[in-house]
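Step one of this worksheet: look at the structure below.
Residue numbers (this note's numbering): 253 to 460.
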């Protein structure tokens, strides 16, 4: 887990040591830093792969510890709405959405996005040049929006028009970064390629 600042980044490790909760220490340090910094300073908190047993100590993966951390982080986000943002990732392969712990984490989050990677196309030749190929524009995964931040009593965040219920896709671009767009099925070109294979061409030329 780390909180980054433009000029003074700080990070905290979750080693399995006896003592106070690492989540609690992190929240206290973050709160102290924000109180001592200028009112225009922006903090970005990134929590990668929370609950992962390979990154966090067993004590940091207890439901009580995680839920208390999310409550405390949510309180700081409400206290500093223009200075603090947070991004938390969770591996659904380890903690599916049907898990009670995952459901509570979603309820304590302002927005929930699910990214499902698509398998790469087998046998695809590498592009000759990045500009001459559309490989970068191909969808690399499906994006599902389960909830978005609510701005006011009428909803907000696109919920009133249900735009986020549409199928979305994402891909990484070298110039634009992460690109999210409506999901469109690719054209079926495989059958045309099969008809133009050398083997089929030879068979069509034989007269019986």
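Ideal Cβ positions, reconstructed from N, Cα and C, are used throughout, including at glycine. Given the structure is predicted, the values throughout are model-derived calculations rather than measurements.
Task: Where the beta strand (DSSP E) containing residue 338 begins and where it ends - done: First-last of the beta strand (DSSP E) with residue 338: 336–340.
TODO: Under 7 Å Cβ to Cβ from residue 305, same chain only, skipping five residues before and after it: list those, please.
DONE: 313
Task: Backbone secondary structure at residue 220 - three-state DSSP - done: Since the first residue of the chain shown is 253 and the last is 460, residue 220 is not available in this structure.
Open item on the list: Starting from residue 433, trace the beta strand (DSSP E) in both directions and tell me its first and last residue.
Closed with: 429–434
Task: Residue nearest to residue 395 in terms of C-alpha spacing, selected from 289, 423, 307, 372 - done: 423
TODO: Per DSSP, which residues does residue 423 bridge with? Please list them.
DONE: 431
Task: DSSP three-state assignment for residue 484, whether helix, strand or coil - done: Nothing in the structure corresponds to residue 484, since the chain is present only between 253 and 460.
TODO: Report back the beta-carbon spacing between residue 346 and residue 397 to the nearest angstrom; my notes put them in contact at under 8 Å.
DONE: The C-beta distance from residue 346 to residue 397 rounds to 22 Å, too long to fall under 8 Å, and the pair is not in contact.
Task: residue 339 and residue 354 closer than 9 Å at C-beta - done: no
Open item on the list: Based on DSSP bridge pairs, tell me the residues matched to residue 399.
Closed with: 364
Task: Integer-rounded CB distance, given that residue 328 should sit under 8 Å from residue 360 - done: With 8 Å as the limit, residue 360 and residue 328 do not qualify as a contact, their Cβ atoms being about 13 Å apart.
Open item on the list: Taking the alpha helix (DSSP H) that residue 299 belongs to, which residues open and close that run?
Closed with: Where residue 299 is concerned, there is no enclosing alpha helix (DSSP H), although the beta strand (DSSP E) it sits in stretches over 295–299.
- [ ] Sort 435, 300, 356 by Cα distance to residue 421 and report the nearest one.
- [x] 435
Task: Contact under 9 Å by Cβ, residue 291 with residue 335 - done: yes
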